[in-house]
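Just below is one structure, and these are the notes that go with it.
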Amino acid sequence: MNQRILELAKQAGLKFPSETAMSPVELEFAQLIVRECTAALFDESERLSGLYSDEDNWDSAEEYEIRSNQCIDDIALIEKHFGVEE
């Protein structure tokens, strides 16, 4: 978990016993939120991948594949930004 989540929590008005740390429960909650977001992106990637497989029009199929791959790239970006490991 990196400082970004701690900064956001402070912006939300949460108070911590330490200025530089969250409790294990608070950290787990923050990680769960990030994981839910990345899971939603993964589900969207799977949906788009299915559309790619079913599409007869090559241009449309290629667009689905590009968007599906972008979802996977976004997952990696979010995990890196928030310091959340799989």
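Numbering that gives the first Met the number 0 puts the first residue of the sequence shown at 0, with every later residue one more than the last.
Beta carbons are placed, not taken as given, at the ideal position from N, Cα and C, and that holds for glycine.
To the nearest angstrom, report how far apart residue i and residue j are at their CA atoms.
i    : j   : result
A20  : L5  : 7 Å
C70  : D53 : 19 Å
T37  : I74 : 5 Å
H80  : S59 : 31 Å
W107 : P23 : The structure shown does not extend to residue 107, since the chain is modelled only from 0 through 85, so no value can be given for it.
L50  : I77 : 24 Å
L31  : E25 : 10 Å
R3   : L40 : 20 Å
A29  : E61 : 35 Å
Any idea if residue i is buried or exposed, counting beta-carbon neighbours within 10 angstroms, 16 or more meaning buried?
i   : result
S17 : exposed
L13 : exposed
S44 : buried
Please check the pair residue i and residue j, which I expect to be a contact at CB under 8 Å, by giving their CB distance rounded to whole angstroms.
i   : j   : result
R46 : V83 : Wrong, their Cβ atoms sit about 23 Å apart, outside the cutoff.
Complete alpha helix (DSSP H) runs within the region 2–70 (minimum length 4 residues, chain order): 2–10, 23–53
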